[in-house]
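Going line by line, the protein sequences match chains H and E.
The working numbering puts the first residue of the first sequence at 1, with every later residue one more than the last.
The working numbering puts the first residue of the second sequence at 1001, with every later residue one more than the last.
Here the structure comes first, spelled out in structure tokens, and everything after it is commentary.
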Amino acid sequence: MGQVQHTAHAEHHQHHHEESFVSKYVFSQDHKMISKQFLITAIIMACVAVVMSIIFRLQLAWPGESFGLTHFLLGDKWAPGGVLDPNMYLGLVTIHGTIMVFFVLTGGLSGTFSNLLIPLQVGARDMASGFINMLSYWFFFLSSVLMLASLFVEGGPASGGWTIYPPLSALPQAIPGSGAGMTLWLLSMAIFIASSLMGGLNYVVTILNLRTKGMKMTRLPLTIWAFLITAVLGILSFPVLLSAALLLLLDRSLGTSFYLSDIHIAGEALDHTGGSPILFEHLFWFLGHPEVYIVLLPALGITSEIIATNARKPIFGYRAMIGSILAIGFLSFIVWGHHMFVTGMNPFLGSVFVFTTLLIAIPSAVKVFNYITTLWRGNIVFTPAMLFSIGLVATFIAGGLTGIILADSALDIAVHDTYFVVAHFHIVMGMSAIFGMFAGVYHWFPKMYGRMMNTRLGYAHFWITFVCAFGVFFPMHFIGLAGAPRRYYAYTEFPMFNGVVDLNVLVTIFAIVGGLAQVIFLYNFFYSLRRGPRAVQNPWRGNTLEWTTPVEHVHGNWPGPIPTVYRWPYDYSKPGKDQDFVPQTVPLEAGEEEDHG
Amino acid sequence: MTKILIILVLVLGVLAVAQLARVYELTSKLRGKREEDISPGDNRMNAMLMWLFPVAYFAFFIWLIYKYGPHLLPIAASQHGRSLDKLYDFNWVILFVVFFLTNALLFYFAGKYVHSKDRKAFYYPHNNKLELLWTSVPAAFLAVIIIYGLRTWNQITGPASPDAVQVELYAKQFDWTIRYPGKDGVLGATDYRLINGTNPLGIVTKASIVQRLSEIDKERAEAMERTENEILPDDKLEELSDHVAYLDRMRERITDLRTMMEEDMTEKGEASPYAHGADDVVLKEFHLPVHREVKLLIRSQDVIHSAFIPHLRVQMNAVPGMTTTFKVTPTITTDSMRTVVKDDKFDFILLCNKVCGASHYNMQMPLTVEPAEAFDTWLKEQEQKPFEAGPAPEAAAVDTTLAAPDMAVDTARMQ
Chain H
1 MGQVQHTAHA EHHQHHHEES FVSKYVFSQD HKMISKQFLI TAIIMACVAV VMSIIFRLQL
61 AWPGESFGLT HFLLGDKWAP GGVLDPNMYL GLVTIHGTIM VFFVLTGGLS GTFSNLLIPL
121 QVGARDMASG FINMLSYWFF FLSSVLMLAS LFVEGGPASG GWTIYPPLSA LPQAIPGSGA
181 GMTLWLLSMA IFIASSLMGG LNYVVTILNL RTKGMKMTRL PLTIWAFLIT AVLGILSFPV
241 LLSAALLLLL DRSLGTSFYL SDIHIAGEAL DHTGGSPILF EHLFWFLGHP EVYIVLLPAL
301 GITSEIIATN ARKPIFGYRA MIGSILAIGF LSFIVWGHHM FVTGMNPFLG SVFVFTTLLI
361 AIPSAVKVFN YITTLWRGNI VFTPAMLFSI GLVATFIAGG LTGIILADSA LDIAVHDTYF
421 VVAHFHIVMG MSAIFGMFAG VYHWFPKMYG RMMNTRLGYA HFWITFVCAF GVFFPMHFIG
481 LAGAPRRYYA YTEFPMFNGV VDLNVLVTIF AIVGGLAQVI FLYNFFYSLR RGPRAVQNPW
541 RGNTLEWTTP VEHVHGNWPG PIPTVYRWPY DYSKPGKDQD FVPQTVPLEA GEEEDHG
Chain E
1001 MTKILIILVL VLGVLAVAQL ARVYELTSKL RGKREEDISP GDNRMNAMLM WLFPVAYFAF
1061 FIWLIYKYGP HLLPIAASQH GRSLDKLYDF NWVILFVVFF LTNALLFYFA GKYVHSKDRK
1121 AFYYPHNNKL ELLWTSVPAA FLAVIIIYGL RTWNQITGPA SPDAVQVELY AKQFDWTIRY
1181 PGKDGVLGAT DYRLINGTNP LGIVTKASIV QRLSEIDKER AEAMERTENE ILPDDKLEEL
1241 SDHVAYLDRM RERITDLRTM MEEDMTEKGE ASPYAHGADD VVLKEFHLPV HREVKLLIRS
1301 QDVIHSAFIP HLRVQMNAVP GMTTTFKVTP TITTDSMRTV VKDDKFDFIL LCNKVCGASH
1361 YNMQMPLTVE PAEAFDTWLK EQEQKPFEAG PAPEAAAVDT TLAAPDMAVD TARMQ
């Protein structure tokens, strides 16, 4: 079937050279264009979320002070006299989290790189369904617009934290952000989930059905394995969040009691009885925990590829890497309860979750050791992408280890919902995933835009970002271990935290410098997009199929027939070869073994 | 003025970076160097930084421990808190070793194996023995961590002894109320529909039911009177009739509650939870006896809160609609703590640790831990005093049923 369809596609491509602006740039069904659309949207969303974090970091470092920036951005309503309003503080924290987790690191990361790389690396003309792929982007776009719009409604955006636990998120009496802002949040997320499901189904179908001749599952680049498992996780877990959100909508608007019971608020006893907020927590974290790996796995896949390419060395333990992706993917579904150790969940159930959660440390450790062994006796080329990939390993180590503390229910009692948690997940999930995303952008920029990004600016961007990442999140462990809770507008009312609050100033300074460093990236990205030096076909001397396509994008990816694959993607520095790389399209020589265990 | 200066500096900074990049690009072009070819100089610089970074990283870590270490995990003042801290120490040792080793290896290799034209990387795709090693060693360590952790967890969450002192922590936006069981030692049943200015926890007693019913009747009568005697716009009328319907539902449910209470009390007598509310002591003050086991019962009136007492290593969510528990035996009194930390203003703090609204960041209550005798005396005194509600939102309950939804927040701000 493959071959016939491919030829048909190639002809199709021959006949339709002229595409209108709208079908080429707006409602494009070409995976490469959709990938760029995802990336640009995610960059814009990320800028919004970073600016939000700067505003609340200013408040945390210098509580109650007036800031021109805060006043300029939020106006008199939310920053009277330049002092951030407590409700808006919670709103900013909530939307910062929502945007970063869902719109940047889920939509942005998977949307960009699954779309770009799946057809190119498995050897397909396009996604299984170009139309659904296009819909997936436009749903994503619509949900982004709705989420941003929620910032401007009366009462402000959703402000109960990105986890939107009811009853806080269900009752506008409890917090003004639970009015129209919350409704928009739920609508936006429902559309986002639809987008994510359409994308995910497409990714899975494409990977399973449209691989080129010779591309066995055991010859897939690790990027594709990671994208595959990510998509499966999304397909299985996002619908649960959708149902959680729908039930919340019903509770909010139709007076049902799925999550609400025995509430007396604003001087009135509510009618709701029999529901339980714990039900929501279970449903939310049934998505919420796999979500962590939906964010992380693509980054791990991307860096596996980049580290092998730039260490000029096969990734160590290819099969073990696949195995650990599968293990992490499976385990991620049975650990959600570790977010709920102190909610009153049965302690025995808690101990089961301790066990399953700590098991995840094993495949994670395997991954780290395999990365390190890949570097060992390598021949490392420090491209900006490589730097960010090594950065990911460092953040994965630091954040993974604190995960062991939080997974231990007894230890969690002392640090649950403190800054220790904030530090942990920002390092292990936020930083790792964003480093993976940056690595991907630097590495595949030539493939996306046919031009090169500036390397030196990439260096400056990496080193400042890397130092600031630790400068921001490392001290937070200490603030948290002192017992300081997260989502506090200020710590001025608690003398017991006086010993550590000055760390907030240090954190904010690093955050501002780190935020400004992203300007270097933005400049580099948008400048190189139009004016960067022209790229060659295979700038990093990689083995995978995307580097066999022409620099100028063509619809259908390869102008001729799709190449056949003869070997795994990691034959770097193979003994007996002249070059230090052997592309997947080079047939095995007589007597040559395909050696990966 | 300073603002303009800052903006100017930023703009100039961006321009400078842009120009530098441009110069670099042009010189590369002149030298015929392509962007993707990383020069040996660039490789060496990054390799050097790969070695410098961990030095700075570890130094920063050690400085943080040195400077802020004393403030971390504040002195444990409860029995389980001490075993928890031991568990922490055990885990820290393992984590620190792994942290330093893996980071050292990562950055050492990254810096050492920098690219050279004369060398080829070592083709080393896999080694089953090595992989087995670093699957089984972490697994072994984790087994120990899990077993030790769960033993501590089981001790902490095991059932409280039957003669533990019962204390209720009741959360609402944005303060805590504490309830002690009174002479009978048992906390009475509660129902959120009975909550009013004089009964902030909704304790079920015959008197509180009668009082609440008469309140509802009065409110209903007022609403009916307004409907009949005043000339009101349609939407206001509708609102009033909805309110009357709501009051009728409340009345019906409270009447049901009364029936249930009476039946339960006839059936079980003193064993009925409804028989114990009358002598409960409701306070805006929080005291605990030292060296006596306490069973904390945690409830919420509106949204999820969380009772967090860092020094006692107590944390448990307060979830509307259910009662959660946490058992704790304080081991250090407030007075001894004041001597230890050399601060005569020191107090243990009960704080809210689950985001609950605008004033979440200041929802706290000091806790006094005192010798058991002092605690008993104090509690006896409190039993004599009637509850003072203070300026709680309930005081205005009758009017707020029709008020704006922002009400709760405004009250919080006023406080």
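In this text, a Cβ means the ideal position worked out from N, Cα and C, and glycines have one as well.
Where residue i falls, given that 16 or more other Cβ within 10 Å makes a residue buried
| i | result |
| --- | --- |
| E:ALA1143 | exposed |
| H:ALA180 | buried |
| E:LEU1026 | exposed |
| H:ALA308 | buried |
| E:SER1136 | exposed |
| H:TRP336 | buried |
| E:LYS1342 | exposed |
| E:ILE1203 | buried |
Alpha-carbon spacing of residue i relative to residue j, whole angstroms
| i | j | result |
| --- | --- | --- |
| H:PRO119 | H:LYS213 | 13 Å |
| E:PHE1109 | H:GLY329 | 29 Å |
| E:ASP1335 | E:LEU1187 | 29 Å |
| E:ARG1031 | H:ALA299 | 35 Å |
| E:PRO1200 | H:ILE265 | 12 Å |
| E:LYS1268 | E:GLN1166 | 21 Å |
| E:LEU1101 | H:THR273 | 54 Å |
| H:GLY255 | E:MET1250 | 16 Å |
| H:ALA482 | E:PRO1273 | 40 Å |
| H:PHE435 | H:MET429 | 10 Å |
| H:PRO157 | H:LEU187 | 13 Å |
| H:TRP78 | H:TYR489 | 14 Å |
| E:PRO1393 | H:LEU270 | In this prediction, E:PRO1393 has a pLDDT of 40, which is less than 50 and means its spatial position is unreliable; what the coordinates show is noted afterwards. For E:PRO1393 and H:LEU270, the distance between alpha carbons rounds to 15 Å. |
| H:LEU220 | E:LEU1150 | 40 Å |
| H:ALA124 | H:TYR25 | 21 Å |
Proximal residues of chain E, C-beta to C-beta of residue i below 7 Å
| i | result |
| --- | --- |
| H:ALA365 | TRP1134, PRO1138 |
| H:ASN379 | TYR1113, HIS1115, SER1116, ARG1119, LYS1120, ALA1121 |
| H:ALA124 | Neighbours of H:ALA124 on chain E: none; closest Cβ ~26 Å, over 7 Å. |
Residues near residue i in its chain [Cβ-Cβ closer than 8 Å; skip 5 each side]
| i | result |
| --- | --- |
| E:LEU1232 | ARG1226, LEU1240 |
| H:ILE464 | VAL513, GLY514, ALA517, ILE520 |
| H:ILE132 | MET198, LEU201, ASN202 |
Partners in chain E for residue i, counting only beta-carbon separations shorter than 9 Å
| i | result |
| --- | --- |
| H:ASP580 | LYS1120, ALA1121 |
| H:ARG219 | Going along chain E, no residue has its Cβ under 9 Å from H:ARG219, so there is no contact; the nearest lies around 13 Å. |
Chain-ordered neighbours of residue i on chain H, where CB pairs are closer than 9 Å
| i | result |
| --- | --- |
| E:SER1359 | PRO86, TYR489 |
| E:ASP1042 | PHE382, THR455, ARG456, TYR459 |
| E:MET1261 | Those within 9 Å of E:MET1261 in chain H number zero; the least Cβ separation is about 17 Å. |
| E:GLN1364 | GLU493, PHE494 |
| E:ARG1179 | Correct list: empty, because the minimum Cβ distance to chain H is about 16 Å. |
Cutoff 6 Å; reference residue i; Cβ partners in own chain excluding five residues on either side
| i | result |
| --- | --- |
| H:VAL381 | ASN310 |
| E:GLN1364 | ILE1349, LEU1351 |
| H:LEU457 | ILE520, ASN524 |
| H:GLU592 | none |
| H:TRP185 | SER150, ALA158 |
Cutoff 7 Å; reference residue i; Cβ partners in own chain excluding five residues on either side
| i | result |
| --- | --- |
| H:VAL205 | ALA128 |
| E:LEU1237 | THR1227 |
| H:HIS426 | PHE473 |
| H:ALA174 | PRO167, LEU168, ILE265 |
Chain E contact residues for residue i, given Cβ-Cβ distances below 8 Å
| i | result |
| --- | --- |
| H:ASN454 | ALA1021, TYR1024, GLU1025, GLU1035 |
| H:VAL354 | ILE1146, GLY1149, LEU1150, TRP1153 |
| H:THR587 | The sequence given here has Pro at residue 587 of chain H, not Thr. By Cβ distance, chain E contributes nothing, its closest Cβ being about 19 Å from H:PRO587, past 8 Å. |
Chain-ordered neighbours of residue i on chain H, where CB pairs are closer than 7 Å
| i | result |
| --- | --- |
| E:HIS1071 | ALA482, GLY499, VAL500 |
| E:ASP1302 | PRO167, ALA174, ILE263, HIS264, ILE265 |
| E:LEU1095 | LEU401, ILE404 |
Quick check: the segment 1155 to 1162 of chain E against the segment 386 to 399 of chain H, are at least 3 beta-carbon pairs closer than 8 Å? With the rule of 3 Cβ pairs closer than 8 Å, the segment 386 to 399 of chain H does not count as touching the segment 1155 to 1162 of chain E.
Should the segment 436 to 453 of chain H be regarded as contacting the segment 527 to 534 of chain H, the criterion being three or more beta carbon pairs within less than 8 Å? Taking 8 Å as the limit for Cβ pairs, the verdict is that the segment 527 to 534 of chain H does touch the segment 436 to 453 of chain H.
So, does the segment 222 to 233 of chain H touch the segment 290 to 308 of chain H, judging by three or more C-beta pairs under 8 Å? Contact holds: three or more Cβ-Cβ distances are below 8 Å.
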